[in-house]
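To start, the structure itself, in C-alpha coordinates.
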Amino acid sequence: RSGIPHSAFRTPHSVRLMAITAILLAAGYATRLYPLTTDRPKTLLPFGRGTILDEMMASLAGVPGVHRRVLVTNHRFADQFQEWQRTCGAAVHILDDHTDTPDTRLGAIRDLELARAQAGPTDDLLVLGTDNLFRWSLAAFVGQAQSHSPAPTIALWQAPSAAAATQFGVVVRDRTDRVTEFVEKSPTPPSRDVALCVYYFPFVMCGSIRTFLDSGEHADAPGYLIQWLARRSTVYGVMMSGAWYDI
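Quick note: our numbering has the sequence shown finishing at residue 249, numbered continuously throughout.
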(Lines of atoms letter the chains of each structure in order from A and count residues from 1; the text may use other names and numbers.)
(Lines give C-alpha, C1' and ligand atoms only; values in the text may rest on other atoms or scores of the structure.)
Protein backbone atom coordinates (compact mmCIF):
# COMPACT_ATOMS: atom_id res chain seq x y z
CA ARG A 1 0.00 0.00 0.00
CA SER A 2 3.06 2.25 0.17
CA GLY A 3 3.04 2.77 -3.63
CA ILE A 4 6.36 0.93 -4.06
CA PRO A 5 6.05 -1.59 -6.93
CA HIS A 6 6.13 -5.24 -5.95
CA SER A 7 9.17 -5.76 -8.19
CA ALA A 8 11.22 -3.56 -5.86
CA PHE A 9 11.09 -6.28 -3.21
CA ARG A 10 12.73 -8.91 -5.40
CA THR A 11 16.00 -10.25 -4.15
CA PRO A 12 19.17 -9.82 -6.18
CA HIS A 13 18.95 -13.53 -6.98
CA SER A 14 15.51 -13.28 -8.60
CA VAL A 15 15.42 -14.51 -12.19
CA ARG A 16 12.93 -13.09 -14.68
CA LEU A 17 11.60 -15.64 -17.14
CA MET A 18 12.41 -14.22 -20.55
CA ALA A 19 9.80 -14.26 -23.31
CA ILE A 20 11.29 -16.17 -26.23
CA THR A 21 10.29 -16.52 -29.86
CA ALA A 22 11.80 -19.62 -31.43
CA ILE A 23 12.64 -19.15 -35.11
CA LEU A 24 13.08 -22.31 -37.14
CA LEU A 25 14.96 -21.78 -40.41
CA ALA A 26 13.61 -24.16 -43.05
CA ALA A 27 13.61 -22.19 -46.30
CA GLY A 28 16.55 -23.89 -47.99
CA TYR A 29 16.27 -26.19 -51.01
CA ALA A 30 18.86 -28.81 -49.93
CA THR A 31 20.15 -29.27 -53.48
CA ARG A 32 23.06 -31.40 -52.24
CA LEU A 33 20.56 -34.06 -51.17
CA TYR A 34 18.79 -34.36 -54.54
CA PRO A 35 16.84 -36.46 -55.44
CA LEU A 36 15.73 -36.99 -51.81
CA THR A 37 14.81 -33.32 -51.46
CA THR A 38 13.67 -32.47 -54.99
CA ASP A 39 10.05 -32.46 -53.89
CA ARG A 40 10.36 -32.58 -50.10
CA PRO A 41 12.04 -30.25 -47.60
CA LYS A 42 15.05 -31.70 -45.81
CA THR A 43 13.59 -31.30 -42.33
CA LEU A 44 10.48 -33.32 -43.27
CA LEU A 45 12.53 -36.34 -44.31
CA PRO A 46 11.61 -39.45 -42.29
CA PHE A 47 13.49 -39.97 -39.04
CA GLY A 48 12.52 -42.81 -36.72
CA ARG A 49 8.75 -42.74 -36.31
CA GLY A 50 8.47 -39.13 -37.40
CA THR A 51 10.58 -36.51 -39.15
CA ILE A 52 13.70 -34.47 -38.43
CA LEU A 53 11.42 -31.53 -37.62
CA ASP A 54 9.51 -33.58 -35.05
CA GLU A 55 12.80 -34.12 -33.21
CA MET A 56 13.45 -30.37 -33.26
CA MET A 57 10.00 -29.61 -31.88
CA ALA A 58 10.52 -32.16 -29.11
CA SER A 59 13.75 -30.39 -28.14
CA LEU A 60 11.94 -27.04 -28.05
CA ALA A 61 9.19 -28.39 -25.80
CA GLY A 62 11.50 -28.40 -22.79
CA VAL A 63 12.65 -24.77 -23.07
CA PRO A 64 11.04 -22.42 -20.51
CA GLY A 65 9.78 -19.11 -21.82
CA VAL A 66 9.14 -20.10 -25.43
CA HIS A 67 5.69 -18.69 -26.17
CA ARG A 68 5.87 -18.29 -29.92
CA ARG A 69 7.31 -20.51 -32.65
CA VAL A 70 7.83 -19.33 -36.22
CA LEU A 71 8.98 -21.64 -39.01
CA VAL A 72 10.07 -19.82 -42.15
CA THR A 73 9.98 -21.80 -45.38
CA ASN A 74 10.00 -21.17 -49.10
CA HIS A 75 6.87 -21.15 -51.23
CA ARG A 76 7.66 -24.47 -52.90
CA PHE A 77 7.40 -26.37 -49.62
CA ALA A 78 4.95 -24.19 -47.66
CA ASP A 79 2.00 -26.51 -48.35
CA GLN A 80 3.92 -29.52 -47.02
CA PHE A 81 4.74 -27.71 -43.78
CA GLN A 82 1.12 -26.64 -43.38
CA GLU A 83 0.02 -30.24 -43.89
CA TRP A 84 2.59 -31.41 -41.32
CA GLN A 85 1.23 -28.83 -38.89
CA ARG A 86 -2.36 -29.96 -39.41
CA THR A 87 -1.39 -33.60 -38.96
CA CYS A 88 0.60 -33.23 -35.75
CA GLY A 89 -1.14 -30.17 -34.31
CA ALA A 90 2.11 -28.31 -33.74
CA ALA A 91 1.82 -24.83 -32.22
CA VAL A 92 3.94 -23.07 -34.81
CA HIS A 93 3.32 -20.28 -37.30
CA ILE A 94 4.32 -21.27 -40.85
CA LEU A 95 5.80 -18.26 -42.66
CA ASP A 96 6.17 -18.40 -46.46
CA ASP A 97 9.08 -16.30 -47.78
CA HIS A 98 7.54 -16.46 -51.30
CA THR A 99 10.59 -17.81 -53.11
CA ASP A 100 10.27 -20.95 -55.21
CA THR A 101 13.72 -21.76 -56.65
CA PRO A 102 17.26 -22.05 -55.27
CA ASP A 103 18.27 -19.12 -57.47
CA THR A 104 15.67 -16.79 -55.97
CA ARG A 105 16.12 -17.81 -52.31
CA LEU A 106 16.39 -14.99 -49.79
CA GLY A 107 19.20 -16.54 -47.78
CA ALA A 108 19.12 -17.59 -44.14
CA ILE A 109 19.74 -14.13 -42.66
CA ARG A 110 17.00 -12.45 -44.70
CA ASP A 111 14.66 -15.27 -43.68
CA LEU A 112 15.66 -14.71 -40.07
CA GLU A 113 14.87 -11.00 -40.34
CA LEU A 114 11.54 -11.83 -42.02
CA ALA A 115 10.62 -14.13 -39.14
CA ARG A 116 11.79 -11.62 -36.53
CA ALA A 117 8.88 -9.39 -37.48
CA GLN A 118 6.58 -12.07 -36.01
CA ALA A 119 8.24 -11.85 -32.59
CA GLY A 120 7.16 -9.62 -29.74
CA PRO A 121 9.09 -6.33 -29.46
CA THR A 122 10.90 -7.48 -26.33
CA ASP A 123 11.19 -11.18 -27.16
CA ASP A 124 14.58 -12.84 -27.15
CA LEU A 125 15.16 -15.04 -30.20
CA LEU A 126 16.14 -18.70 -30.15
CA VAL A 127 17.26 -19.42 -33.72
CA LEU A 128 17.45 -23.01 -34.94
CA GLY A 129 18.58 -24.47 -38.21
CA THR A 130 16.13 -27.30 -38.78
CA ASP A 131 18.73 -29.67 -40.19
CA ASN A 132 20.35 -30.03 -36.75
CA LEU A 133 19.96 -33.25 -34.77
CA PHE A 134 21.37 -33.27 -31.26
CA ARG A 135 21.03 -35.19 -28.01
CA TRP A 136 21.91 -32.44 -25.54
CA SER A 137 19.40 -30.26 -23.70
CA LEU A 138 18.28 -27.17 -25.58
CA ALA A 139 16.98 -25.81 -22.28
CA ALA A 140 20.49 -26.11 -20.81
CA PHE A 141 21.89 -24.11 -23.71
CA VAL A 142 19.27 -21.38 -23.27
CA GLY A 143 20.01 -21.19 -19.55
CA GLN A 144 23.71 -20.64 -20.18
CA ALA A 145 22.99 -18.18 -22.99
CA GLN A 146 20.76 -16.06 -20.78
CA SER A 147 23.60 -15.70 -18.29
CA HIS A 148 25.55 -13.89 -21.04
CA SER A 149 22.74 -11.47 -21.94
CA PRO A 150 22.68 -8.89 -23.49
CA ALA A 151 25.39 -10.49 -25.64
CA PRO A 152 24.36 -13.21 -28.12
CA THR A 153 25.43 -16.82 -27.60
CA ILE A 154 26.00 -19.68 -30.05
CA ALA A 155 26.10 -23.43 -29.43
CA LEU A 156 29.35 -25.26 -30.18
CA TRP A 157 30.40 -28.84 -30.85
CA GLN A 158 33.94 -30.17 -30.80
CA ALA A 159 34.86 -31.85 -34.06
CA PRO A 160 36.79 -35.12 -33.70
CA SER A 161 39.63 -33.83 -35.87
CA ALA A 162 40.94 -30.75 -37.66
CA ALA A 163 40.03 -32.40 -40.96
CA ALA A 164 36.40 -32.74 -39.87
CA ALA A 165 36.35 -29.11 -38.73
CA THR A 166 37.19 -27.90 -42.25
CA GLN A 167 33.58 -28.58 -43.26
CA PHE A 168 32.14 -26.05 -40.82
CA GLY A 169 32.47 -22.59 -39.36
CA VAL A 170 34.80 -22.76 -36.36
CA VAL A 171 35.51 -20.36 -33.50
CA VAL A 172 38.33 -19.51 -31.14
CA ARG A 173 37.34 -18.53 -27.59
CA ASP A 174 39.09 -16.86 -24.69
CA ARG A 175 38.92 -18.02 -21.05
CA THR A 176 35.54 -16.37 -20.56
CA ASP A 177 34.06 -18.21 -23.60
CA ARG A 178 33.95 -15.00 -25.62
CA VAL A 179 34.40 -15.67 -29.33
CA THR A 180 37.60 -13.98 -30.48
CA GLU A 181 37.73 -15.42 -33.99
CA PHE A 182 35.27 -17.00 -36.41
CA VAL A 183 36.38 -18.70 -39.62
CA GLU A 184 33.97 -20.18 -42.16
CA LYS A 185 35.07 -23.53 -43.67
CA SER A 186 38.80 -22.93 -43.54
CA PRO A 187 41.23 -25.54 -44.96
CA THR A 188 43.36 -24.84 -41.87
CA PRO A 189 40.84 -24.24 -39.05
CA PRO A 190 42.26 -22.47 -35.98
CA SER A 191 40.37 -24.80 -33.61
CA ARG A 192 38.01 -27.77 -33.54
CA ASP A 193 35.16 -25.79 -31.96
CA VAL A 194 32.40 -25.96 -34.57
CA ALA A 195 29.66 -23.32 -34.58
CA LEU A 196 26.17 -24.82 -34.82
CA CYS A 197 23.12 -23.06 -36.22
CA VAL A 198 21.71 -22.77 -32.70
CA TYR A 199 21.75 -19.15 -31.55
CA TYR A 200 20.35 -17.13 -28.67
CA PHE A 201 19.82 -13.46 -29.48
CA PRO A 202 18.66 -11.19 -26.61
CA PHE A 203 16.13 -8.68 -27.93
CA VAL A 204 18.35 -5.66 -27.23
CA MET A 205 20.79 -6.71 -29.97
CA CYS A 206 18.33 -8.03 -32.55
CA GLY A 207 18.43 -4.78 -34.50
CA SER A 208 21.95 -5.80 -35.51
CA ILE A 209 20.42 -8.29 -37.95
CA ARG A 210 18.97 -5.46 -40.03
CA THR A 211 22.23 -3.52 -39.74
CA PHE A 212 24.08 -6.56 -41.08
CA LEU A 213 21.76 -6.85 -44.07
CA ASP A 214 21.84 -3.12 -44.80
CA SER A 215 25.64 -3.22 -44.87
CA GLY A 216 25.52 -5.55 -47.88
CA GLU A 217 27.10 -8.53 -46.13
CA HIS A 218 26.68 -12.15 -47.31
CA ALA A 219 23.13 -13.13 -46.32
CA ASP A 220 23.09 -16.83 -47.24
CA ALA A 221 24.89 -18.77 -44.50
CA PRO A 222 24.01 -17.92 -40.86
CA GLY A 223 27.68 -18.16 -39.91
CA TYR A 224 28.46 -14.93 -41.73
CA LEU A 225 26.23 -13.04 -39.31
CA ILE A 226 28.06 -14.55 -36.32
CA GLN A 227 31.41 -13.70 -37.90
CA TRP A 228 30.28 -10.11 -38.44
CA LEU A 229 28.93 -9.78 -34.88
CA ALA A 230 32.09 -11.22 -33.31
CA ARG A 231 34.21 -8.61 -35.10
CA ARG A 232 32.12 -5.73 -33.80
CA SER A 233 30.82 -6.76 -30.40
CA THR A 234 30.77 -9.55 -27.84
CA VAL A 235 29.57 -13.03 -28.79
CA TYR A 236 29.81 -16.06 -26.51
CA GLY A 237 30.17 -19.70 -27.44
CA VAL A 238 28.88 -22.56 -25.27
CA MET A 239 30.27 -26.06 -25.81
CA MET A 240 27.51 -28.66 -25.72
CA SER A 241 28.39 -32.24 -24.86
CA GLY A 242 26.72 -35.11 -26.62
CA ALA A 243 25.91 -36.17 -30.14
CA TRP A 244 25.24 -33.65 -32.91
CA TYR A 245 24.55 -34.31 -36.58
CA ASP A 246 24.46 -31.87 -39.46
CA ILE A 247 22.05 -33.35 -42.00
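From the three backbone atoms N, C-alpha and C, an ideal C-beta is built for every residue, glycine too. A quick note: this is a predicted structure, and the numbers were derived from the prediction, not measured.
Between residue i and residue j, what straight-line distance do the alpha-carbon atoms span, to the nearest angstrom?
i: Tyr226; j: Ser217; result: 12 Å
i: Asp125; j: Ile22; result: 5 Å
i: Pro162; j: Val172; result: 13 Å
i: Glu232; j: Ser149; result: The sequence as given places Ala at residue 232; Glu does not occur at that position. One C-alpha to the other measures close to 18 Å.
i: Leu116; j: Asp99; result: 8 Å
i: Thr251; j: Ser139; result: Any answer about residue 251 is impossible in this case: the structure gives the chain only from 3 up to 249.
i: Phe205; j: Val196; result: 25 Å
i: Pro43; j: Trp86; result: 11 Å
i: Ala167; j: Leu158; result: 12 Å
i: Asp50; j: Asp105; result: At residue 50 the sequence reads Gly, which differs from the Asp that was named. So the two alpha carbons sit approximately 32 Å from each other.
i: Arg107; j: Arg234; result: 27 Å
i: Ala28; j: Leu35; result: 15 Å
i: Arg3; j: Ser61; result: Any reading at Arg3 must be qualified, since the residue scores a pLDDT of 34, below 50, and its modelled position is unreliable; no value is offered.
i: Asp133; j: Arg177; result: 30 Å
i: Leu55; j: Gly145; result: 23 Å
i: Val174; j: Ala110; result: 23 Å
i: Thr33; j: Trp246; result: 22 Å
i: Leu114; j: Ala164; result: 30 Å
Can you check which of these residues, the options, is closest to residue i by C-alpha distance?
i: Glu186; options: Gly64, Phe170 and Pro43; result: Phe170
i: Cys199; options: Arg234, Ala165 and Met242; result: Met242
i: Gln229; options: Ala167, Asp222 and Glu183; result: Glu183
i: Tyr201; options: Gly244, Phe83, Pro154 and Asn76; result: Pro154
i: Cys90; options: Ala221, Leu46 and Leu26; result: Leu46
i: Val65; options: Met20, Thr40 and Thr106; result: Met20
i: Ile211; options: Arg112, Leu62 and Tyr31; result: Arg112
i: Ile156; options: Arg180, Arg107 and Pro189; result: Arg180
i: Thr236; options: Ala92, Pro189, Pro152 and Thr213; result: Pro152
i: Met58; options: Arg78, Leu135, Asp222 and Thr39; result: Leu135
i: His102; options: Gly30, Pro224 and Ser188; result: In the sequence as presented, His is not what sits at residue 102; that position holds Asp. Of the listed residues, the one whose Cα sits closest to Asp102 is Gly30.
i: Ile63; options: Ala141, Thr213 and Leu97; result: Just to set this straight, residue 63 is Ala in the shown sequence, not Ile. Answer by Cα proximity: Ala141.
Going by DSSP, which residues form a beta bridge with residue i?
i: Ile22; result: Val68 and Asp126
i: Ala28; result: Thr75
i: Thr53; result: Pro48
i: Gly244; result: Beta-bridge pairing links Gly244 to no other residue.
i: Ala157; result: Val240
Report the CB separation of residue i from residue j in whole angstroms; it is logged as a contact under 8 Å.
i: Leu130; j: Cys208; result: Going by Cβ atoms, the distance from Leu130 to Cys208 rounds to 16 Å, so no, they are not a contact pair.
request  = Kindly provide the ranges of any alpha helix (DSSP H) runs that are 4 or more residues long and lie completely inside the segment 185-225, ordered along the chain.
outcome  = Counting only runs of 4 or more, we get 209-216.
message = Restricting to runs no shorter than 3 residues, where is the beta strand (DSSP E) found entirely within the segment 64-124?
response = Within the segment 64-124, the complete beta strand (DSSP E) runs of at least 3 residues are 68-75 and 95-98.
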